[in-house]
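Here's the structure, in structure tokens; my notes come after.
Numbering (this note's numbering), first residue to last: -6 to 171.
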């Protein structure tokens, strides 16, 4: 008796599964496609930077995806159309001392259905500075917050933000908001 019930239920389950699968294809094609692609280059030499990390931050979905550039410095990633994105790009060879390139951050941008956004990023060669010790506020207590900012010693301003015109800026400060 139980075997007959299972046999009659099998076609119904198959139909439900097929319907759900078909709906997912319809929703995907109705949503459309969009992509972000580009090249990561050395700002001084103009050469492509292979194996650079590209962090794609979906502002609406709070989702982070990390991809690497290929041997020619190229990257490509399919995204959800209509969402806003921010890219963080960095490159560092862990086997060498210091930080090889200064990280960069894109401005927030939205990708429309059927659109491919091309963003070329020029990374500036970098270096590491090691700060040691304790930070104290005026009352000789350990500081609860800190803020480090990179400045040009000649001008007192942050370093040149864009060596080449594009949608990226240097990340020249780090820590809690001042």
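For glycine and all other residues, C-beta sits at the position ideal for the given N, C-alpha and C. Just so we're clear, the structure is a prediction, and the values are computed from it rather than from any experiment.
Taking only runs that begin and end inside the segment 46 to 95, name each unbroken beta strand (DSSP E) of 3 or more residues, in chain order.
As far as the segment 46 to 95 is concerned, its whole beta strand (DSSP E) runs of at least 3 residues are 46 to 51, 56 to 61, 67 to 72, 77 to 83.
Whose C-alpha, out of 92, 48, 34, 51, is nearest the C-alpha of residue 64?
Residue 34 holds the alpha-carbon nearest to the alpha-carbon of residue 64 among 92, 48, 34, 51.
Examine the Cβ distances between the segment 74 to 92 and the segment 35 to 51 and report whether three or more of them are shorter than 8 Å.
Here the segment 74 to 92 makes contact with the segment 35 to 51; the two share three or more CB pairs at distances below 8 Å.
Sort 102, 97, 119, 100 by Cα distance to residue 89 and report the nearest one.
Nearest option by C-alpha distance: 119.
Could you check where the beta strand (DSSP E) with residue 31 kicks off and where it finishes?
That run of the beta strand (DSSP E) goes 27 to 35.
With DSSP as the reference, label residue 110 as helix, strand or coil.
In this structure, residue 110 counts as strand in the three-state DSSP scheme.
Where does residue 98 sit, in a helix, a strand or coil, going by DSSP?
Looking at residue 98 - three-state DSSP - the assignment turns out to be strand.
Go ahead and pull the three-state DSSP assignment for residue 41.
Strand, per DSSP.
Per DSSP, residue 172 forms a beta bridge with which residues?
In this structure the chain extends from -6 to 171, so residue 172 is not present and cannot be described.
Measure the Cβ-Cβ separation of residue 32 and residue 109 and say whether it is below 8 Å.
Cβ atoms of residue 32 and residue 109: not closer than 8 Å.
Helix, strand or coil, according to DSSP, for residue 125 in the structure here?
Reduced to three states, the DSSP call for residue 125 is coil.
Keeping to the same chain, check which residues put their C-beta closer than 8 Å to that of residue 72; ignore five residues upstream and five downstream.
So the list reads 27, 28, 29, 49, 51, 78, 104, once near-sequence residues are dropped.
Can you give me the Cβ contacts of residue 117 inside the same chain, cut-off strictly under 6 Å, excluding the 5 residues immediately before and after it?
Counting only residues of its own chain and dropping the five nearest sequence neighbours on each side, residue 117 has a CB closer than 6 Å to the CB of 36, 95.
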